[in-house]
Each structure stands twice: as structure tokens, then as C-alpha cells.
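In the numbering used here, the protein residues as written are 2 to 339.
Every residue gets a Cβ at the ideal spot worked out from N, C-alpha and C, and that includes glycine.
What you are looking at is a predicted structure, and each value in this text was computed from that prediction instead of being measured.
Accompanying notes for the structure given below.
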């Protein structure tokens, strides 16, 4: 697991074990074939970031038990099931062959089974949410809609040189950040806390989701294959123009040359030229500055509800920015020496 994850916290491993048990229960049926498909990605592991956000939130509020039947644990399971379902669907759309170091579900079971298994996990998540109450069920439904809207925005803007910062931020807020916002909010709902507390925690979770996506978008441009675990530059290749690219395209002196390089992004040399131009136009530094602005809002939201600005949630935000800066500056130094 990532070193930024809170495995040293006394609540982390017992509660994560309870989440894992809840996931296994949700994916298990009387039919061994359905169970095998549903457990496929659960068994492959993962960082469980969304459940950890729920658990850290609940611990900050002073109430979570490492029991699969605990309402906070069940909420965390529902959120992770939604995330897992999205991975099944993403791998079909991307024709992926591997996920988390194992064969993707679509490669192993076929596209139809992978799609329907994703639907099955969504249904399981909906059932858990409904049993936690109408408010949680409504939140999860609204979150699913936001995720779909964000994905549609991204697809609609593929290869669009005129993509705006506003549309980009709306897309990542929906497709990535909304589910983390739900992960942070659900504990406050099941614990019966005020709307103000719920709203503040939504800000915290949503901001973390934005920071995760912004970090990934920077690293896709500047990290190495070893650092990413996959080939860098995939966003450029697929025509997904993220914030660093948008900032550079707005530059009247660099934008035209960058647009020409993006038109030939299937050429590794052109991708390298594109990244150099994005750096020169300040695309990376502007994105990091945006991350810092978001972090300030997260810290204010934590302070508003009396949660420590030194909590794991705050440290996670700081770690996401620090890791982005570290990789970006490291690659810049290497380029300068080359």
C-alpha cells in the first residue's frame, strides 16, 4: 500500500479488515460463477482510499467499530462497491487487459459478464445504502449521476483544444471527486450529525478527490513508467486534455505549437515536445498552485467542524501535493541536466 495511507493508525487495519469482510459478503452469491466474477477485483486488492476516507472521518467524529455490521463500515463498503463497479465498466470501455496486477474482468470473463458484474455490484451498493436510510440512498444515487455526468463531459471534450478549465474541473469533480465526497459525508449521516457538519465533510472528501485527480494528471505528464506502473502520456494519446495542457494551450506564444504536437501525439517524440511546452507555459506550476488553493479550503472545512488540521485527512492532502511537487521537480532537474 501507499506510504501515505494510515496503516499506523490504531483504527486502520481492524476497520479495513471489517470492510474487506463486508465486501466479500456483498459479492458472494449462491452461484460460484457469479461469485468468482464479483470477487475478482476485490481479491486483487487495492488501496481502499474511499473506505479509508470514511473511516478517518468517523474516527475524527469519535465513532466507528471494526465490525462489518457497523453502519460506518457498511457505508464504506457501499462506496467501495460503487468504485469497483466503475472499474469493471472502465475496463470494458478501455479494452483493458490488466487491472491491479491481474487479468481484467473483461479479459478473463468477457465483456458481457464484466458489464453485468459491475451492475451487480452497483445493485449490492444500492441495497446497503437503502438499508442505511433514505438519506444515504439518495446521496449514493446523486453521486452515481454525478460520476456519469463527469465521464460524459470528459468523453465529449476528447481531442477538443478549446476545452476550458471550468469544464475540466466539472468533469473531475463528477467522475472522481463526487464519490470521495460521499465517502466523507456518509459517516456524518449515519451518526445523525448536523447538515453543517455533513456539508463540511463533503467539501473535505470532494477536495481530496480533486487533489487525487490533479496529481494523477500531472504525473501522467512528468512521471516515469516505473513511477506510474504504466506508460506515461496516456492522456495526451487519448486526447484527454487536463489542466496543465489547458493552461499551456491558453498561452498565445506556446499554444499553437503545442496544438500541433498534440495532433501527432501517437509519436513519442511529439509527446515529449508537448510536455516540454506544457512546462514552459507554466502548466505544471499552475496546476500545483490550484492544488494548494484547494488544500486551503479543505483545512478551513476541517477547522469549521473542530477536526484537527493535523488529522490524517489533512496529512493526506498535504502528501498528495508534496508527492506531485517531488516528482515534477525531480523530472525538471533531470531534464535540465540532460
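Contact between residue 125 and residue 38 is absent: CB atoms are separated by about 13 Å, not below the 8 Å threshold. Only residues of its own chain outside the window of five on either side were considered, and among them 151, 154, 155 have a CB closer than 6 Å to the CB of residue 172, listed in chain order.
Non-local C-beta neighbours of residue 184 in its own chain, meaning closer than 6 Å and more than five positions away in sequence, comprise 51, 54, 55, 80, 206, ordered along the chain.
If the five residues before and after residue 284 are omitted, its C-beta is found closer than 7 Å to the C-beta atoms of 245, 246, 248, 249, all from its own chain and listed in chain order.
With fewer than 16 other CB atoms across the displayed protein chains lying within 10 angstroms of its CB, residue 98 is exposed.
Residue 240 and residue 270 have their C-alpha atoms spaced approximately 16 Å apart. The straight-line gap separating the alpha-carbon atoms of residue 19 and residue 215 is approximately 30 Å. Its Cα nearest to that of residue 40, the residue 106 stands out among 87, 16, 63, 106. A direct Cα-to-Cα measurement between residue 238 and residue 134 gives close to 43 Å. Fully contained in the region 173 to 249 are the following alpha helix (DSSP H) runs of length 4 or more, in chain order: 179 to 191, 196 to 223, 226 to 229, 235 to 239. Taking the Cα positions, residue 128 is about 32 Å away from residue 169. Counting only runs of 4 or more residues that sit fully inside the region 78 to 164, the alpha helix (DSSP H) segments are 106 to 110, 112 to 133, 135 to 157, in chain order.
By the criterion of a C-beta distance shorter than 8 Å, residue 260 is surrounded in its chain by 162, 250, once the five residues flanking it on both sides are discounted. Non-local beta-carbon contacts of residue 298 in its own chain, meaning distances under 7 Å to residues more than five positions away in sequence, involve 204, 208 in chain order.
Residue 319 sits in a helix when the DSSP states are folded into three classes. Between residue 281 and residue 322, the gap from beta carbon to beta carbon reaches 8 Å or more. As the crow flies, the alpha-carbon of residue 141 is around 41 Å from that of residue 278.
The C-beta separation of residue 88 from residue 42 comes to about 6 Å, placing the pair in contact by the 8 Å criterion.
The C-beta distance from residue 93 to residue 64 rounds to 39 Å, too long to fall under 8 Å, and the pair is not in contact. For the pair residue 174 and residue 211, the CB atoms are nearer than the 8 Å cut-off. DSSP places residue 253 outside both helix and strand once states are collapsed to three, so it counts as coil. For the options 191, 326, 29, the alpha carbon positioned closest to that of residue 224 is the one of 326. For residue 36, the uninterrupted alpha helix (DSSP H) segment begins and ends at 33 to 44. Secondary structure of residue 76 (DSSP, three-state): helix.
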